[in-house]
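Whatever position you read off the sequence shown (first residue = 1), add 10 for my numbering. All C-beta atoms in this analysis are idealised placements derived from N, C-alpha and C, irrespective of residue type, glycine included. All values reported here derive from a predicted model rather than from experimental measurement.
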Amino acid sequence: MIKLIVLLTTFTYSCNFFLFLYLKQRHEAAGIEKLSIIWGTNMLILLFDGIFAFIGKLIIELSFI
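Have a look at this one:
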């Protein structure tokens, strides 16, 4: 389970880093637009992280049965 948490944390921060680099190159985006893109992307990534953590925990629990 620790490996899954480390993997999901790495995935989250790398997605945020690539999003930052992408928005840094786009000069026409306004401040509010950039914040909304970052916030929306973070919420989507956290949703996927939760789903992956749930599936990982479910697989671990079912493997002990």
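- Rounded to the nearest whole angstrom, the CA to CA distance from CYS25 to GLY50 is 12 Å.
- Annotated three-state conformation of GLU71 is helix, per DSSP.
- Secondary structure of GLU43 (DSSP, three-state): helix.
- Shortest Cα-Cα distance from PHE27 to any of ASN52, PHE58, LYS67 involves ASN52.
- If you ignore the 5 residues before and after MET11, its C-beta comes within less than 8 Å of the C-beta of GLY66, LYS67, ILE70, all in its own chain and listed in chain order.
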